[in-house]
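Number of protein chains: 2
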Amino acid sequence: MTTARETEIMDFAEREMRKGGLDAFSFRDVAAAIGIKSASVHYHFPTKADLVQRVITRYADRFVGSLGAADAADETPHDRVARLADAYTGAYRQEGCSCLCTVLGSVVTYIPDGSPDKVRDFYNRLSQWLTTALEGKSTDLTPELVISILQGAMTLSVAVDRDAPIMDAKRYLLSVL
Amino acid sequence: MTTARETEIMDFAEREMRKGGLDAFSFRDVAAAIGIKSASVHYHFPTKADLVQRVITRYADRFVGSLGAADAADETPHDRVARLADAYTGAYRQEGCSCLCTVLGSVVTYIPDGSPDKVRDFYNRLSQWLTTALEGKSTDLTPELVISILQGAMTLSVAVDRDAPIMDAKRYLLSVL
DNA sequence: CGTTGTCTATCTTGTGATAGGTAGATACGT
DNA sequence: ACGTATCTACCTATCACAAGATAGACAACG
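First to last, the protein sequences are chains A and B.
Residues 712 to 888 in the working numbering are what the first sequence lists, from first letter to last.
Residues 712 to 888 in the working numbering are what the second sequence lists, from first letter to last.
This is the structure:
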């Protein structure tokens, strides 16, 4: 069960984590943002590790879920990759921030407790989706390379504050797949 | 002028930043690692922002410098990209950690003072090198996409703790360039 | 009455940063 | 050569603050 309050907390935490990583927010920040006290945040999420793990898991569910079926018969691999690319470009355009797991992935050895496993789960699920999505398509690109291109371009776009890299990545993928 | 002590400090700071970002180390960590007191670290680098900026600049100089000439007449674009890819795979194999600016790039809006500009300088210099390096080569890949692929794969390799993504990225780039 | 969600108040730890002092080296004027 | 001044690189001690976390009380609801 996830209450409305917990959703509020996770929404804020996710937004901050995607912009600045684990240390970009504190329990006090969360509390101030939604109008309660930090002790109350601890009531819903005993430790920060708990909060981070739940945010990652929710993110993974939502992201992979939003991609839809990877094996719909009336679609081509091209269609499916287009949807994946749109998920990335959309996130950049609307929120100006990265994939949560890209931010956390590069510092995976420094995040607490079970979080690294949650990040790896995300990538495993995404790889699996792409493996199915590309089935039957002959290409030099592995599923993980498709992910790499999109995420690398996303990071670069954020870093240089221009959408060219992520838009070029999408265009390139759609031209070769 | 950079003294031996400052080099020691920056070496440690860079190593930690590449593994865990800005908040992965403190002045006390630095001091303990090299056997002095934190106040002495402040003597060499008045603020953390100072230290971070110098580390990024030094990293950029070293990384781009290590790539060598982008316009040597006896080389092909393929040769040059191979060298760039080796810089990434080498970093992963030897240090198991990412490009410094990949780690910082995704959180660029949360790092202090002049640091974002230093990160962007790095990418500008790398793009410029690649633009020259690819001159005359007909390809759909932009210089920034080449960077994206390598860095995205690097991040993924770190995240999932397998070298497959970064090795595949190198292989792919050399097959299409 | 028990549960739920919040509060106040507080603890401990770790952080970046500063003030002020000290030993040793170097430079300079007489 | 001698005394003075300055500089370098470190030290001790401490500050103010923000972090995660906990204990215990309170009100509302069933």
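We treat Cβ as the ideally placed atom computed from N, Cα and C, and that holds for glycine.
At least 7 Å separates the CB of Leu837 of chain A from every CB of chain B. From the beta-carbon of Ala780 of chain A, no residue of chain B is found nearer than 7 Å; the closest lies around 24 Å away. Judged by their CB atoms, Val752 of chain A and Phe738 of chain A are nearer to each other than the 7 Å cut-off. Straight through space, the alpha carbons of Ala870 of chain B and Pro854 of chain A are spaced by roughly 15 Å. Taking C-alpha positions only, Thr787 of chain A is separated from Leu852 of chain A by approximately 16 Å.
Taken in chain order, the members of the segment 843-867 of chain A whose beta-carbon sits within less than 9 Å of a beta-carbon on chain B are Asp851, Leu852, Thr853, Glu855, Leu856, Ile858, Ser859, Ile860, Leu861, Gln862, Gly863, Ala864, Met865, Thr866, Leu867. For Thr714 of chain B, the closest Cβ of chain A is not nearer than 7 Å. Under the Cβ distance rule, Lys730 of chain B counts among the residues neighbouring chain A, one pair being separated by less than 7 Å.
Residues of chain B with a Cβ closer than 8 Å to the Cβ of Ala735 of chain A are, in chain order, Val818, Tyr821. Listed by position along chain A, the residues whose Cβ is nearer than 9 Å to that of Arg831 of chain B are Ala870, Val871, Asp872. Asp874 of chain B and Ala802 of chain B have their C-alpha atoms some 11 Å from each other. Annotated three-state conformation of Glu806 of chain A is helix, per DSSP. If you check the CB distance, Ala771 of chain A and Phe833 of chain A come in under 7 Å. Here DSSP, grouped into helix, strand and coil, assigns Ser777 of chain A to helix. At a cut-off of 7 Å between beta-carbon atoms, Tyr883 of chain B makes contact with chain A. Looking at B:Met721, B:Asp872, B:Lys829, the one whose alpha-carbon comes closest to that of Phe756 of chain B is B:Met721.
At a cut-off of 7 Å between beta-carbon atoms, Thr813 of chain B makes contact with chain A. When secondary structure is reduced to three states using DSSP, Asp872 of chain A falls in the coil class, being assigned neither helix nor strand. Around the beta carbon of Pro823 of chain A, fewer than 16 other beta carbons sit within 10 angstroms, so the residue counts as exposed. Cβ-Cβ distances below 6 Å link Leu845 of chain A to Pro788 in the same chain, with the five nearest sequence neighbours on each side left out; the list follows chain order.
Of the residues assessed, Gln764 of chain A falls on the buried side of the cut-off, its CB having 16 or more other CB atoms within 10 angstroms.
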